[in-house]
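*Asks:* What follows is a single structure, and I will ask about it in a moment.
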Amino acid sequence: MQLNKIVEFHKALGDLTRIRIIALLQQGPLHGQAIAGKLGLKPPTITHHIAKLREVGLIKEKRDKNTIYFSLNAKILESSAKAILTVGTGGEARMEMSVTAEERTAIINNFFTKDGKLKNYPAQRKKKLVVLEYMAKGLEFGRVYQEREINGYLKQFHEDYATLRRELIMCQYMYRENNQYELNPVELWWLS
Numbered sequence: 047m048q049l050n051k052i053v054e055f056h057k058a059l060g061d062l063t064r065i066r067i068i069a070l071l072q073q074g075p076l077h078g079q080a081i082a083g084k085l086g087l088k089p090p091t092i093t094h095h096i097a098k099l100r101e102v103g104l105i106k107e108k109r110d111k112n113t114i115y116f117s118l119n120a121k122i123l124e125s126s127a128k129a130i131l132t133v134g135t136g137g138e139a140r141m142e143m144s145v146t147a148e149e150r151t152a153i154i155n156n157f158f159t160k161d162g163k164l165k166n167y168p169a170q171r172k173k174k175l176v177v178l179e180y181m182a183k184g185l186e187f188g189r190v191y192q193e194r195e196i197n198g199y200l201k202q203f204h205e206d207y208a209t210l211r212r213e214l215i216m217c218q219y220m221y222r223e224n225n226q227y228e229l230n231p232v233e234l235w236w237l238s
């Protein structure tokens with residue numbers, strides 16, 4: 047999970063009324079008027095708080111004629127709450143993917159030519175992550191790259207820059223929004 051999504055989740059929970067709404071919805075779906083009545087608040091206030099919870103995916107809605115029923119998305123609540131515990135560790139997957147310095151050097155030597163070209167993209171996950179990390183280390187932390195810049199950078203390694211770009215995002219080395227790319231903190235990388 048991206049670091050900014052974890053922050054947004056916790057910001058959404060940083061309000062007593064939203065916590066109370068979540069507690070009510072744990073018992074089952076309710077419509078806005080019912081939530082307002084149970085909490086002693088006006089419907090526009092409930093609408094505001096429901097919108098904040100919906101933005102982070104905690105609330106699902108279902109329409110029944112003219113009434114919208116809200117329910118708690120328990121899976122998102124659980125995964126988002128647990129995500130903070132994996133920041134900097136990558137969770138269990140990181141432990142499984144750890145490699146020694148010798149293994150890392152061997153992988154880089156096996157998959158890259160002497161002039162830095164990627165011979166072929168590894169199929170094994172551990173090797174793939176080492177290759178991605180090697181490429182990501184050539185980018186500048188804190189700098190926002192346009193997509194064409196990332197494409198140009200990745201073309202120096204391999205002609206299939208689109209796959210490399212997608213893998214960098216999927217493995218949390220980079221974050222993408224509106225065709226702009228930025229390196230994630232090293233703590234979010236699968237290997238470091």
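For the sequence shown, the numbering used here assigns the number 47 to the initial residue and increments by one for each residue that follows.
Idealized CB from N, CA, C, for every residue including glycine.
Predicted model, so just to flag it, every value in this text is computed and none were measured.
#1: Just the Cα atoms here: how many angstroms apart are G103 and F158?
#2: Any idea what DSSP makes of Q79, helix, strand or coil?
#3: Any contact between the stretch 150-165 and the stretch 186-193? By contact I mean 3 or more CB pairs, one from each, below 8 Å.
#4: Three-state secondary structure (DSSP) at R171?
#5: Give the straight-line distance between the Cα atoms of K84 and I65, rounded to the nearest whole angstrom.
#6: Go ahead and pull the three-state DSSP assignment for F203.
#7: Would you list the residues sitting across from M220 in a DSSP beta bridge?
#8: Using the beta-carbon count (16 or more within 10 Å), is S144 buried or exposed?
#9: Which of helix, strand or coil does DSSP assign to L87?
#10: Thinking Y219 and L210 are a contact (beta carbons under 8 Å), I'd like their distance in whole angstroms, please.
#11: Run the CB neighbour count on I114, radius 10 Å, all protein chains shown included, and call it buried at 16 or more, exposed below.
#12: Using a Cβ-Cβ cut-off of 6 Å (strictly less than) and excluding sequence neighbours within five positions of F55, which residues of its own chain qualify?
#13: Going along the chain, which unbroken runs of the beta strand (DSSP E) with 3 or more residues stay wholly within the stretch 173-200?
#14: Look at A169 and L214 and say whether their C-beta atoms are less than 8 Å apart.
#15: So for L33, helix, strand or coil by DSSP?
#16: Between the alpha carbons of Y180 and T146, how many angstroms are there, rounded?
#17: How would you call V53, buried or exposed, if buried means at least 16 neighbouring beta carbons within 10 angstroms?
#18: For T113, does the three-state DSSP call read helix, strand or coil?
#19: Taking the CB atoms as reference points, tell me whether I81 and L99 lie closer together than 8 Å.
#20: Apart from the five residues just before and just after L59, which ones in its own chain have a Cβ nearer than 7 Å to its Cβ?
*Replies:* According to the structure shown:
#1: 41 Å
#2: helix
#3: As far as the Cβ criterion goes, the stretch 150-165 does not touch the stretch 186-193, which means the pair count is below three.
#4: helix
#5: 13 Å
#6: coil
#7: L229
#8: exposed
#9: Residue state, collapsed to three classes: coil.
#10: Y219 to L210, Cβ: 10 Å. No contact.
#11: exposed
#12: V102 and S126
#13: 190-192
#14: no
#15: Look at the range of the chain in this structure, 47 to 238, and you will see that residue 33 is not part of it.
#16: 14 Å
#17: exposed
#18: strand
#19: no
#20: Hits under 7 Å: I65.
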